[in-house]
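Under our numbering, the final residue of the sequence shown carries the number 152; numbering is consecutive throughout.
Glycine included, every Cβ here is placed at the ideal spot set by N, Cα and C.
Just so you know, these numbers come straight off a predicted model, no measurement behind them.
Take a look at the structure below.
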Amino acid sequence: QVQLVESGGGLVQPGGSLRLSCVPSRTIFSFHGMAWYRQAPGKQRDLVAAITVGGSTNIADSVKGRFTISRDNAKNTVYLQMNSLKPEDTAVYYCTARATAGSGYDYWGRGTQVTVSS
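Below, the structure written as structure tokens:
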């Protein structure tokens with residue numbers, strides 16, 4: 035059973051920054067890719083950013099230029115750096131991973147709440 039543990043969420047003022055962390059229960063290189071999704075109340079869960087085992091990244095247009103996804107191989111951790119936060123970034127952020135290029139995101143964390151408010 036794969037577990038993904040997110041941390042780093044919280045309350046931040048507009049324009050502020052947060053860094054989310056995701057630590058899986060096995061090496062990040064055992065997955066084809068990992069990603070961050072978010073879900074605001076009453077809305078669908080949307081992709082925010084993704085990173086492949088080869089290091090390629092994909093960032094949603096809504097956060098491009100403000101959010102970056104990265105990983106620390108030694109710490110077996112994937113990060114989501116969020117800068118210039120806006121109230122509309124408020125959501126539960128989920129870490130997810132997929133085993134192969136052809137599979138969906140099979141493994142999900144429990145999520146971490148990010149609230150952007152003054």
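| query | result |
| --- | --- |
| Where E122 falls, given that 16 or more other Cβ within 10 Å makes a residue buried | exposed |
| Limits of the unbroken beta strand (DSSP E) element including Q147 | 146-150 |
| For P121, the residue or residues it bridges with in DSSP | Partner(s): none; P121 has no beta bridge. |
| Member of D106, Y128, T124, T146 whose CA lies at the smallest distance from the CA of T61 | D106 |
| Continuous beta strand (DSSP E) stretch holding Y113: start and end | 111-116 |
| In DSSP terms, what N107 is bridged to | Answer is none; N107 lacks a bridge partner. |
| Start-to-end residues for the beta strand (DSSP E) that takes in A94 | Run containing A94: none; DSSP gives neither H nor E here. |
| Pair within 8 Å by beta-carbon distance, Q78 and F101 | no |
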